[in-house]
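For the record, the sequence lines run as chains P and R. Residue numbers for the first sequence, in my numbering: 1244 to 1580. Residue numbers for the second sequence, in my numbering: 1244 to 1580.
There are 2 protein chains.
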Amino acid sequence: MKRASIKDIARLANVSHSTVSRALSGSPLISPETVSRIRQIALESGYRPSAAARSLVTSRTSTIGVVVTSIADPFAAEVVLGIEDAANERDYSVLLANSNALPERELKVVHAFEERRVDGIIVTSSRVGAVYAEVLSQARVPIVLLNNQHPSEFMHSVMIDNFAASFAATRHLIDLGHKRIAYIGDRFGCQSDTERCGGYRAALEQAGLPFRPEFLVPGNGGPDGGATAMGSLLALPNLPTAVFCYNDMTAFGAMGAASARGLGIPSDLSIVGFDDLFFAQFSAPPLTTVRQPMRDMGRLAVENLLKLLAGDSAVPNANVPGELIVRHSTAPPKETN
Amino acid sequence: MKRASIKDIARLANVSHSTVSRALSGSPLISPETVSRIRQIALESGYRPSAAARSLVTSRTSTIGVVVTSIADPFAAEVVLGIEDAANERDYSVLLANSNALPERELKVVHAFEERRVDGIIVTSSRVGAVYAEVLSQARVPIVLLNNQHPSEFMHSVMIDNFAASFAATRHLIDLGHKRIAYIGDRFGCQSDTERCGGYRAALEQAGLPFRPEFLVPGNGGPDGGATAMGSLLALPNLPTAVFCYNDMTAFGAMGAASARGLGIPSDLSIVGFDDLFFAQFSAPPLTTVRQPMRDMGRLAVENLLKLLAGDSAVPNANVPGELIVRHSTAPPKETN
DNA sequence: CTGAAAGCGCTTACAG
DNA sequence: CTGAAAGCGCTTACAG
């Protein structure tokens, strides 16, 4: 049994399908009685307007495309929750796609979004390089990048304030009395990493602490990278007493590696993460970290996207502050040297 | 600048738009030269077919709707990753919606899916009651429930084998020498909970161990529920030496509460979870748990949905085996009593 | 207040 | 092998 169309309703109501269309869309032209009669019939017949037919004429789909590297990444998941909530409130739907960081997938995803004529696109914490930026802009719709480098003036962005948050995280360690503080980063060259590292170095400098190149080691954003990086830090002749990590995942891996070598956290080594994933409160020990308001950032991304869609030409890029959450992975250093 | 349509290509190629349509869709009717000429022009003009226009005539959208309670739930996120991967491989897109366990959201989501004419729907680990089942079936498309009760014969389901997996988990504790084993469940009445509890009791019975009603306490699927439940367990005059938890989240909360009261895990108390979330390896201590192949279950859900869509009337409900993963939250009990 | 007509961008019988 | 025509389910000027 096919779905009822506007024509079916028209027949039942003895009016033209134009009238049905108007009545259902709340046009003030139609008489109140006609409207309620038509609405009643539509309700009874389980009528649902066809979004496809409507968007064919309005050339809007009320859907937004969201690309994440992987929805299984807890950061992305929280952001997407915020996106979907905000979208839903405004009667937008979200088309979700994982790029898996594969260029061919990224391409395919954008094609799918183009064919489905999404009204706008949000890209979350992927590494949007120049090539992908080019591909994305072919979709000719507003694009909001979340925690991404913003390579082009055509793309709006929502970013955590990496510099200030990292400064505060490092400052926390310094205030505790640490003088030998290391930084485990992401893969080299990613903008967030550069900015977080910048905040770390600025805090060191402001406190008059020397910057030691051997205390700066790259990771890969995951626990394995954190573990490996911690390994090379622990091979140093002079160990750090504290480590600021690019993100929580990195910190989890780093803590695991340090514990495995018999170091107590925070007694021997303090650790700070970045993100405040849900699990940061359950790690061993609960992690001191910088909270990113992930859901709010997701919401903000859709709000700004919608403004862009509405033709607002002056939507400023958003810079969102982080918040230091002190838990049990940080403490004063053992000996004051 | 508007997107090129089939008519624009037709004009450029000096053919009718019917020919363009056929050439682009690979119809064998069109001569090879014409096909490649048209394809070339389409490529140059950045042509993308309009999914809306196509689905208006084919009445298929190549879109599947996915409802989760919350995408921020790591279980749901892993499942959705599997769903999206499998869908993408078959050139389907996924429309994602969070119900937040709110009836009005559930209703709205289904309406959105209906208007967008999704080809099928997957509902993940929500509590699909009779009312929602009714609402869902109004969409008149195939529905696959993942780890949900299957209230109607019209809905296909993919389920973890709760009974066997819980039996194995409890059996592991028994083999370790535990005789006083508690179970922290989900909210009362959920089917997964009933089945997991069933496996627990069957293992007890098979080992000749008495079932103690006071060792059976409900949670709520989250860490807070696990913590509360652990609290009431620890108030008992005779403590259990091991606790099997409904899921990992519950176990995390339970472990936290036990540790907070000075109990060593696993020295004083063994804990087993269910799910094997990514973080189970990073908890304090790393959690012994039952692994659900979440991504594969997601993939299976779309495979079966697509079979249903293809008109296959005999797609059997899937029962997926879990796998016990032994980590460090379980050990033999202290004193053999 | 209501209707007839055109058109959004496709696919697909029906003719040739 | 190709084209003209109809139609999918809507919205929206244009008339009345």
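Cβ coordinates follow ideal geometry from the N, Cα and C atoms, glycine included. Small disclaimer: the values here were computed from a predicted structure and weren't measured.
### Query
Helix or strand or just coil, what does DSSP make of R:S1513?
Taking the first residue of the second sequence as 1, we reach residue 1513 of chain R at position 270. In this structure, R:S1513 counts as strand in the three-state DSSP scheme.
#### Entry: P:V1558 versus P:L1543: straight-line alpha-carbon distance, rounded
Walking along the first sequence from the start, residue 1558 of chain P turns up at place 315. Walking along the first sequence from the start, residue 1543 of chain P turns up at place 300. In a straight line, the C-alpha of P:V1558 is about 11 Å away from that of P:L1543.
### Query
Do the region 1354–1365 of chain P and the region 1557–1574 of chain P touch if we need at least three Cβ pairs shorter than 8 Å?
With the cut-off at 8 Å, the region 1354–1365 of chain P and the region 1557–1574 of chain P do not touch.
### Task
Leaving out five residues on either side along the sequence, give the residues of the same chain with a beta carbon under 7 Å from the beta carbon of R:G1468.
Locating residue 1468 of chain R in the second sequence gives position 225, counting from the first residue. Scanning its chain for C-beta atoms nearer than 7 Å, with the 5 sequence neighbours on each side dropped, one finds around R:G1468 the residues G1462, T1493 and G1496, in chain order.
### Where R:K1351 meets chain P, residues with beta-carbon distance less than 9 Å
Here the question's residue 1351 of chain R lines up with position 108 in the second sequence. N1331 and D1334, listed in chain order.
### Query
To which residues does DSSP link P:I1364 through a beta bridge?
Within the first sequence, the letter at position 121 stands for residue 1364 of chain P. DSSP output for P:I1364 lists P:G1308 and P:I1386 as bridge partner(s).
### Task
Could you give the DSSP three-state label for P:C1433: helix, strand or coil?
Indexing the first sequence from 1 puts residue 1433 of chain P at position 190. Three-state DSSP puts P:C1433 in coil, outside helix and strand.
### Query
What separation, rounded to the nearest whole angstrom, lies between the Cα atoms of R:G1442 and R:S1556?
Translated into the one-based positions of the second sequence, residue 1442 of chain R becomes position 199. Translated into the one-based positions of the second sequence, residue 1556 of chain R becomes position 313. Distance between the alpha carbons of R:G1442 and R:S1556 is about 31 Å.
### Task
Would you kindly work out how many angstroms separate the C-alpha atoms of P:T1301 and R:S1475, rounded to a whole number?
Taking the first residue of the first sequence as 1, we reach residue 1301 of chain P at position 58. Taking the first residue of the second sequence as 1, we reach residue 1475 of chain R at position 232. Spanning the two alpha carbons is a distance of roughly 59 Å.
### Query
For P:L1324, does the three-state DSSP call read helix, strand or coil?
Taking the first sequence and counting its residues from 1, the one referred to as residue 1324 of chain P is at position 81. Reduced to three states, the DSSP call for P:L1324 is helix.
### Message
Taking CB distances under 7 Å as the criterion, tell me whether R:V1337 reaches chain P.
### Response
Residue 1337 of chain R sits at position 94 when you count from the first residue of the second sequence. Closer than 7 Å: yes.
### Task
Count the other CB atoms, across all protein chains shown, that sit within 10 Å of the CB of P:L1272; report buried if there are 16 or more and exposed otherwise.
As a working mapping, residue 1272 of chain P is identified with position 29 in the first sequence. Per the 10 Å Cβ criterion, exposed.
#### Entry: Exposed unless 16 or more other CB atoms sit within 10 angstroms - verdict on P:I1249
Residue 1249 of chain P sits at position 6 when you count from the first residue of the first sequence. Answer is buried; the Cβ neighbour count reaches 16.
### Distance, P:R1282 Cα to R:P1536 Cα
For the purposes of this step, residue 1536 of chain R is taken as residue 293 along the second sequence, with counting starting at 1. For the purposes of this step, residue 1282 of chain P is taken as residue 39 along the first sequence, with counting starting at 1. Whole-angstrom Cα-Cα distance: 46 Å.
### Task
Compute the beta-carbon to beta-carbon distance between R:R1534 and R:G1325, rounded to the nearest angstrom, for a pair I have assumed lies under 8 Å.
Position 291 of the second sequence, counted from the first residue, corresponds to residue 1534 of chain R. Position 82 of the second sequence, counted from the first residue, corresponds to residue 1325 of chain R. By a beta-carbon distance limit of 8 Å, R:R1534 does not contact R:G1325. Their separation comes to about 14 Å.
### Query
Mind checking P:F1397: buried by the 16 CB within 10 Å criterion, or exposed?
Reading the first sequence from its first residue, position 154 is the one you call residue 1397 of chain P. Counting Cβ neighbours within 10 Å, P:F1397 comes out exposed, since fewer than 16 surround it.
### Query
With distances taken from CA atoms, which of R:G1372, R:M1540 and R:P1509 is nearest R:A1527?
As a working note, residue 1527 of chain R is residue 284 in the second sequence. Nearest of R:G1372, R:M1540 and R:P1509 to R:A1527, Cα basis: R:P1509.
### Beta-carbon gap between P:L1567 and P:H1415 smaller than 7 Å
Along the first sequence, one-based indexing puts residue 1567 of chain P at 324. Along the first sequence, one-based indexing puts residue 1415 of chain P at 172. Result yes, Cβ atoms of P:L1567 and P:H1415 sit closer than 7 Å.
### Message
If you follow the alpha helix (DSSP H) that P:H1354 is in, where does it begin and where does it stop?
### Response
As a working mapping, residue 1354 of chain P is identified with position 111 in the first sequence. Following the DSSP letters along the chain, one finds P:H1354 inside the alpha helix (DSSP H) bounded by residues P1346 to E1358.
### Query
What are the start and end residues of each continuous alpha helix (DSSP H) run of 4 or more residues lying completely inside the region 1414–1493 of chain R, in chain order?
1434–1449 and 1466–1477
### Residue of P:V1337, P:V1460, P:G1541 and P:G1269 minimising C-alpha distance to P:V1563
For this step, residue 1563 of chain P is matched to residue 320 along the first sequence. Answer by Cα proximity: P:G1541.
### Query
Between the region 1308–1321 of chain P and the region 1277–1291 of chain P, do three or more beta carbon pairs fall short of 8 Å?
no
### Query
Since R:Q1381 meets chain P, which of its residues come closer than 7 Å, beta carbon to beta carbon?
Here residue 1381 of chain R corresponds to residue number 138 of the second sequence, with the count starting at 1. Under the 7 Å cutoff, chain P gives G1289.
#### Entry: Limits of the unbroken alpha helix (DSSP H) element including P:I1249
On the first sequence, residue 1249 of chain P is found 6 positions in, with the first residue counted as 1. It spans I1249 to A1256 - the alpha helix (DSSP H) in which P:I1249 sits, taken as one unbroken run.
### Query
Going along chain P, which residues have a C-beta under 9 Å from R:A1266?
The residue you call residue 1266 of chain R lines up with position 23 of the second sequence. By Cβ distance, chain P contributes nothing, its closest Cβ being about 17 Å from R:A1266, past 9 Å.
#### Entry: Environment of R:S1336 [buried if 16+ CB atoms lie within 10 Å]
To locate residue 1336 of chain R, count along the second sequence from 1; it is residue 93. Residue burial is scored here from C-beta neighbours: R:S1336 has at least 16 other C-beta atoms within 10 angstroms and is therefore classed as buried.
### Query
Given R:P1483, which residues of its chain have a CB within under 7 Å of its CB, disregarding the five upstream and five downstream residues?
In the second sequence, counting from the first residue as 1, residue 1483 of chain R sits at position 240. Answer for R:P1483: R1423, I1424, A1425, F1458 and L1476, listed in chain order.
#### Entry: Anticipated Cβ contact below 8 Å, R:A1470 with R:G1499, distance rounded
Locating residue 1470 of chain R in the second sequence gives position 227, where the first residue counts as 1. Locating residue 1499 of chain R in the second sequence gives position 256, where the first residue counts as 1. In this structure R:A1470 is in contact with R:G1499, their Cβ atoms being roughly 6 Å apart against a cut-off of 8 Å.
#### Entry: Distance between R:S1502 and P:F1406 (C-alpha atoms, nearest Å)
For this step, residue 1406 of chain P is matched to residue 163 along the first sequence. For this step, residue 1502 of chain R is matched to residue 259 along the second sequence. C-alpha separation (whole angstroms): 36 Å.
### Message
Rounded to whole angstroms, what is the Cα-Cα separation between P:G1308 and P:R1370?
### Response
What you label residue 1308 of chain P is simply residue 65 of the first sequence in a count that begins at 1. What you label residue 1370 of chain P is simply residue 127 of the first sequence in a count that begins at 1. P:G1308 and P:R1370: Cα-Cα distance of roughly 17 Å.
### Query
For R:F1299 and chain P, any beta-carbon pair shorter than 7 Å?
Translated into positions along the second sequence, residue 1299 of chain R becomes position 56. Correcting the residue identity first, residue 1299 of chain R is Leu in this sequence and not Phe. Taking Cβ atoms only, chain P reaches closer than 7 Å to R:L1299, which makes this a yes.
### Task
Starting from the C-beta of R:N1580, find all residues in its chain whose C-beta is less than 6 Å away, skip the five residues before and the five after it, and write them out in chain order.
Residue 1580 of chain R sits at position 337 when you count from the first residue of the second sequence. At R:N1580 the pLDDT is 46, less than 50, meaning the model places this residue with poor confidence; the figure from the coordinates comes in the next sentence. If you ignore the 5 residues before and after R:N1580, its C-beta comes within less than 6 Å of no other C-beta in its own chain.
### Query
Hey, quick one: how far does the alpha helix (DSSP H) through R:R1534 stretch, first residue to last?
Looking up residue 1534 of chain R in the second sequence gives position 291. First-last for R:R1534: T1532 to R1534, but that is the beta strand (DSSP E), not the alpha helix (DSSP H).
### Query
By the 10 Å Cβ neighbour count, where 16 or more other Cβ atoms means buried, how is P:N1560 classified, buried or exposed?
For the purposes of this step, residue 1560 of chain P is taken as the residue at position 317 of the first sequence. With fewer than 16 other beta carbons inside 10 angstroms of its own, P:N1560 counts as exposed.
### Task
Step through the CB atoms of chain P and report whether any lies within less than 7 Å of the CB of R:F1495.
One-based indexing of the second sequence puts residue 1495 of chain R at position 252. R:F1495 counts as touching chain P.
### Message
Does chain R have any CB closer than 7 Å to the CB of P:N1391?
### Response
By one-based count along the first sequence, residue 1391 of chain P stands at place 148. Chain R, which has no Cβ nearer than 7 Å to the Cβ of P:N1391, makes this no.
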